[in-house]
Each structure stands twice: as C-alpha cells, then as structure tokens.
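Under the numbering used here, the residue at position 149 of the sequence shown is numbered 209, and the numbers go up by one with no gaps. All C-beta atoms, glycine included, are put in the ideal place defined by N, C-alpha and C. Read through the structure below, which is laid out as structure tokens, and then see the notes.
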Amino acid sequence: MSDDAANGFELGRLMMSLWVPQALHAAAELGVADALASAPLKADVVAERLGTHAEATQRLLDALCVLNVAKKGDAGYALTALGQFLRSDVDGSRRAWSRLMGGAEVWRAWGRLIECVRSGRAAYAVGENRRTETETFDALFADPTAAGVFHQAMADGTTGQAAGIIQALELPAGASVIDVGGGFGALLCAALERDGRASGSVFDLAHAKPGAERLFAQRGLSQRAAFVAGDLFEQAPPAADWLLLKSVIHD
C-alpha cells in the first residue's frame, strides 16, 4: 500500500471511530461487563441475561473484542483486564463514565462543534432554541437517572485519586473541610478517612444529596460528614478551614 493510500485509510479509520464510544456506552448501559464478571459466556446466554437480541448482542461483543475490552474463546466471551473496568462493582470502575460520555446530552453537544467554531459560543448554548450556557447541565440534572450517572462518574473518577490528593495537601489535624461542588463527596471521604478528628460537608446542588449520604454511610462517616445544598455560582459555600475544589474551576 502506498503512503497516500495508507494515509487515506488511516483518515477514514479515524472518521469511523465514532462507533467506539457508542459501543462502550451500549456495553455499560446494558451491563455487559457485569454479566461476564464471573465466567465466560456464549453470546446467546449474555443476551438471555440482559434481555437483548441474540445476534445483535453477539455483534456488540465482537466489537468489544476489537477494542480489547472482551475476548472470545471456546467457552464464550470473557472480559479482558481493560474490560474489568466496565463492571459496576470494581474499584476504579468506569462504567458510569462510559454511560455519561455516550449519553444523549453529551453526544448532542459534540454534534454542535461546527456551530461552536463558527460562533465561539459553548456547545450548550448553540443550536435551535438554546438559551443559556448551561442548558445541557440543566437538562442532565433535571433527569434524576442522568444526574445520578453524572455524579457516579465523577465519584468513580475521584476515588482512585483522592487519597493521593489529600496526602499531598497535608491538611492540619482536626480541620473542617468543605468539598465544593463535590457531588457524592468522594474527596471529602478521603479527607475524613485520613484524619479521624476532621469533619466536613459537601456543598453542591440538592440532587446530589442522596448519593452523598449513601456514600457517607458506606464509608462509616455519617457522623462527621454532611451535605449542604447550594449553587456555587449563586452563593458562597459555608466557612471552613479548607475549601476543596476538584474538576470544578473549568466550569
């Protein structure tokens, strides 16, 4: 193959790669990795467990094999080391992140890229009947399921980093901490686990409260952690020794 042909093929491959996040999103949304968590399974068995079409499920599994998320053997399809992170029950899970990135609001926002480049406006503000810079987030948070996916994705992404972040900050003993825009409070939990005398709150929109309180209970921190409902863009967070912001300032 000539260099020109190879370059043309590579460009075409990049153009076709839009299927990748959608295949991962479908696998995450349907729970494919959870179905394969215990043992390899044939495609028809996976389909039966998920309540999906057998042939279409096999095609999705084959696509996941191309992405090295799954592998196919005599016993059926199994997860690779990469695919393990699409499970919902593992530390560092990226299932919620995949559900978010392939979800309707994020997908539609990327579909407005041309308008963004032409106008210089944010994707959330361009397009028919778009009124504000935050409408995508407003729509996302208006749906309890979508809001839960968003906050779970943020919590999963923070969980693997939180201990290192808190260690680097060297918070003083017994400090009061506010996790500003902290969602479910994964960063706050890490701070309180490092210092048994510390206390703190998550300051975020009210729809994050059930997930935060659930995480506090799971980590045994309900007596020292609280949730304060509020909007960072409308009001100041409560006073504390330390205000923590992670993945917030760019908003």
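- Sorting G208, E175 and D122 by C-alpha distance to the C-alpha of R155 places G208 at the top.
- Per the Cβ contact rule, the region 91-107 is in contact with the region 117-127 (3 or more Cβ pairs under 8 Å).
- Between A235 and L275 a beta carbon distance of about 20 Å is seen, past the 8 Å cut, so the two are scored as non-contacting.
- Sixteen is the threshold: since fewer than 16 other Cβ atoms of the shown chains lie within 10 Å of the Cβ of T205, the residue is exposed.
- For secondary structure counted as the beta strand (DSSP E) over 3 or more consecutive residues, the region 102-165 holds these complete runs in sequence order: 130-133 and 136-139.
- Looking from the CA of K269, the closest CA among E294, R172 and D239 belongs to D239.
- Contact holds between the region 249-263 and the region 276-296, because three or more Cβ pairs, one in each stretch, are under 8 Å apart.
- Counting only runs that start and end inside the region 184-256, the alpha helix (DSSP H) elements of at least 4 residues fall at 195-202, 204-229 and 246-254.
- In the three-state reduction of the DSSP assignment, G68 falls in the helix class, which pools H, G and I.
- The continuous stretches of alpha helix (DSSP H) do not include A289, which lies in the beta strand (DSSP E) extending over residues A285 to A289.
- A Cβ-Cβ contact shorter than 7 Å links Y137 with L121.
- Restricting attention to A250, K132 and A228, the CA atom closest to the CA of T218 is found in A250.
- Contact annotation: A233 and R254 have beta-carbon atoms that are not nearer than 7 Å.
- Annotated as proximal: L146 and A88, with beta-carbon spacing under 7 Å.
- Boundaries of the beta strand (DSSP E) around L305: W302 to L305.
- DSSP places V308 in no alpha helix (DSSP H); its state is neither H nor E.
- Put simply, of G271, A299, R279 and D151 the residue whose alpha carbon is nearest the alpha carbon of Q221 is D151.
- In this structure, DSSP gives S259 an extended state, which the three-state scheme calls strand.
- V126 sits away from G143, with the two beta carbons spaced by 7 Å or more.
- Rounded to the nearest whole angstrom, the CA to CA distance from A182 to I225 is 30 Å.
- Closest in alpha carbon position to L229, among L71, D301 and K132, is D301.
- With 16 or more neighbouring CB atoms inside 10 Å of its own CB, W157 falls in the buried class.
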